[in-house]
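A.B. asks:
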Ligand code: GLU
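Residue numbers (this note's numbering): 62 to 490.
Now the structure itself:
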């Protein structure tokens, strides 16, 4: 079933203010004031092209049948095929997928990748399912959305609750249905079936690269920088470990089980990431443990929220003591918190730039798949560095030219590119 989300287009939607969609729309409206883009184009960008809703029945291991709901929201493809992750989480909804898809459109445009934005997922707690059940769910979901995805149409990738194994099943299901091996239909696959080296660590690595550049821009020394990382999944752990390796002092890390703190710096490689052992951060032997939420109040130089969306709100933004916030998760800062940070002079380096290493290495993976040629990890790291630095330079130039926040500057870069592409292509028919 395909339907249009009527609520996605107007600002009077029945969404709580802190939802991904409401936040994304608010950010679009704010940034639109600073770009020279036709108002009609901005109106179009407030709506997704389409949202596909599917029913996904599977047989559980005990023989019973359970039915799930899945979505694929495709926001915009003026610059290339739709691109974005697949999320397995109980909070997945059509509206959330649209908000997250919008962020993918801007993210790909900031990075100047030839992709548009999409996001999707299944309303499910993946930890309730066995591995075989997750595989059946993934294969059936792929079958249900096969007509709206494809290597030149819409290319899914991992997101919350999914990973390389999920992408391997999606690639296999799609290929079996089409009768040929089509690795470029998804990215984030295991390297042995066409995945890219360095893809899994890429979002965290880009967070570390942007943090390093930002500190240098502010004339700070990485060696004298303290960092707190909220969430120790793929993004948080990889960002923490890269920053630690490059000389920063990562003093705190958290997951849902709690937080650990060491003023002398944690051994980030010794703390189990979520993939290594879920919610085991506090099993690390640290001088101090804290409640997860207390991590936000630590007096550190850099705070990296790297878990889920909407965690920095107008309820806790005043308690944040960090000098700089670098967004590792998608949408961790609500509109209210963003305003408080702007008033307090705390720069927020936005997700669409900071964690864009994931989709950037997805782009490299897609190129490798099309060319049937594997790149080395060194090449992936070199090219990622080049792409991140050039996007950083462009955002920094806009930031310096206009009196904007970092988020607004990143949006201006993205919207300008998308607006120009829409103008050059014109309106069909
Ligand atoms: N899910 C990731 C993100 O939010 C990656 C998307 C992709 O690689 O397509 O950026």
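The C-beta atom is built at its ideal place from N, Cα and C for all residues, glycine as well.
Would you call residue 431 buried or exposed, if buried means 16 or more other Cβ atoms sit within 10 Å of its Cβ?
C.D. replies: By the 10 Å Cβ count, residue 431 comes out exposed.
A.B. asks: Count the other CB atoms within 10 Å of the CB of residue 493; is the residue buried (16 or more) or exposed (fewer)?
C.D. replies: With the chain covering only 62 through 490, there is no way to say anything about residue 493.
A.B. asks: For residue 264 versus residue 295, is the C-beta distance shorter than 8 Å?
C.D. replies: Yes, these two residues count as a Cβ contact at 8 Å.
A.B. asks: Can you list, in chain order, the residues of its chain with a C-beta nearer than 7 Å to that of residue 276? Leave out the 5 residues immediately preceding and following it.
C.D. replies: Same-chain partners within the cutoff: 283 and 286.
A.B. asks: Going by DSSP in three states, residue 480 sits in which element: helix, strand or coil?
C.D. replies: Helix at residue 480.
A.B. asks: Whose C-beta lies closer than 6 Å to the C-beta of residue 371 among residues of the same chain, with five residues either side of it excluded?
C.D. replies: Only 79 and 395 meet the Cβ criterion.
A.B. asks: Decide if the segment 182-192 is in contact with the segment 211-218; the criterion is three or more beta carbon pairs, one per stretch, under 8 Å apart.
C.D. replies: The segment 182-192, when compared against the segment 211-218, does not touch it at the 8 Å Cβ threshold.
A.B. asks: Looking at the unbroken alpha helix (DSSP H) that takes in residue 299, where does it start and where does it end?
C.D. replies: From DSSP, the alpha helix (DSSP H) with residue 299 extends over 295-306.
A.B. asks: Alpha carbon to alpha carbon, what distance is there between residue 195 and residue 223?
C.D. replies: Approximately 10 Å, taken between the alpha carbons.
A.B. asks: With distances taken from CA atoms, which of 205, 218, 150 and 365 is nearest residue 176?
C.D. replies: It is 218.
A.B. asks: Could you tell me if residue 434 is buried or exposed, where buried requires 16 or more neighbouring beta carbons within 10 angstroms of its beta carbon?
C.D. replies: It is exposed - the Cβ of residue 434 has fewer than 16 other Cβ atoms within 10 Å.
A.B. asks: Can you tell me whether residue 162 is buried or exposed? The criterion is at least 16 other CB atoms within 10 Å of its CB, across all chains shown.
C.D. replies: So residue 162 counts as buried.
A.B. asks: According to DSSP, what are the bridge partners of residue 229?
C.D. replies: Per DSSP, none; premise fails for residue 229.
A.B. asks: Can you check whether the CB of residue 248 is closer than 8 Å to the CB of residue 260?
C.D. replies: Yes; because the gap between Cβ atoms is below 8 Å, this pair is in contact.
A.B. asks: How would you write the range of the alpha helix (DSSP H) that residue 91 sits in, first residue to last?
C.D. replies: Residues 81-93.
A.B. asks: Leaving aside the five residues before and after residue 46 along the sequence, list all residues of the same chain whose C-beta is less than 8 Å from its C-beta, in chain order.
C.D. replies: A question about residue 46 goes unanswered here, because the residues of the chain that appear run from 62 up to 490.
A.B. asks: Applying the criterion that 16 or more other CB atoms from any shown protein chain within 10 Å of the CB defines a buried residue, is residue 344 buried or exposed?
C.D. replies: Under this definition residue 344 is an exposed residue.
A.B. asks: Just tell me which of 301, 232, 412 and 147 has its CA closest to the CA of residue 262.
C.D. replies: Considering only alpha carbons, the answer is 301.
A.B. asks: I need the boundaries of the alpha helix (DSSP H) containing residue 195, first residue and last residue.
C.D. replies: Its alpha helix (DSSP H) spans residues 192-206.
A.B. asks: Is any heavy atom in ligand 1 found nearer than 7 Å to the beta carbon of residue 192?
C.D. replies: Answer for residue 192: no, Cβ out of range of ligand 1.
A.B. asks: Please confirm whether residue 117 and residue 134 have their CB atoms less than 8 Å apart.
C.D. replies: No, these two residues do not count as a Cβ contact at 8 Å.
A.B. asks: Any chance you could list the alpha helix (DSSP H) runs of at least 4 consecutive residues sitting entirely within the segment 332-410, in chain order?
C.D. replies: Taking only runs of at least 4 residues, the alpha helix (DSSP H) segments lying wholly in the segment 332-410 are 396-405.
A.B. asks: Going by the beta-carbon positions, is the gap between residue 227 and residue 184 smaller than 8 Å?
C.D. replies: Their beta carbons are not under 8 Å apart, which means residue 227 does not touch residue 184 by this criterion.
A.B. asks: What is the DSSP secondary structure of residue 220, reduced to helix, strand or coil?
C.D. replies: The answer is coil: DSSP assigns residue 220 none of H, G, I, E or B.
A.B. asks: Could you check how far apart the C-beta atoms of residue 445 and residue 266 are, in whole angstroms? I think they sit under 8 Å.
C.D. replies: The pair is a contact, with the Cβ atoms about 7 Å apart (cut-off 8 Å).
A.B. asks: Hey, how far is the Cα of residue 429 from the Cα of residue 448?
C.D. replies: Each residue's Cα considered, the two are about 17 Å apart.
A.B. asks: Where residue 374 and residue 456 are concerned, what is the direct C-alpha to C-alpha distance, given to the nearest angstrom?
C.D. replies: Rounded to the nearest angstrom, the two C-alpha atoms are 25 Å apart.
A.B. asks: For ligand 1, I want to know if residue 267 counts as a neighbour, meaning its beta carbon is within less than 7 Å of at least one of the ligand's heavy atoms.
C.D. replies: Answer for residue 267: no, Cβ out of range of ligand 1.
A.B. asks: Name, in chain order, the residues that DSSP records as bridge partners for residue 107.
C.D. replies: In the DSSP output, where bridge partners are listed per residue, residue 107 has none listed.
A.B. asks: Looking at the structure shown, is residue 158 part of a helix, part of a strand, or coil, going by DSSP?
C.D. replies: If DSSP states are grouped into helix, strand and coil, residue 158 belongs with the helices.
A.B. asks: Alpha carbon to alpha carbon, what distance is there between residue 169 and residue 70?
C.D. replies: Because residue 70 sits at a pLDDT of 41, beneath the cut-off of 50, its placement in the model cannot be relied upon, and the following sentence gives the value as read from the coordinates. Computed Cα separation, rounded: 21 Å.
A.B. asks: Which residue comes first and which comes last in the alpha helix (DSSP H) that contains residue 413?
C.D. replies: Residue 413 -> alpha helix (DSSP H) spans 412-415.
A.B. asks: Can you tell me whether residue 479 is buried or exposed, with buried defined as 16 or more other CB within 10 angstroms of its CB?
C.D. replies: Its Cβ being crowded by 16 or more others within 10 Å, residue 479 is buried.
A.B. asks: Looking only at DSSP bridge pairs, what is residue 458 linked to?
C.D. replies: Beta-bridge pairing links residue 458 to no other residue.
A.B. asks: Could you give the DSSP three-state label for residue 429: helix, strand or coil?
C.D. replies: Three-state result, residue 429: helix.
A.B. asks: Using a Cβ-based criterion (distance less than 7 Å to any ligand heavy atom), does residue 214 qualify as near ligand 1?
C.D. replies: Result no, Cβ not under 7 Å from ligand 1.
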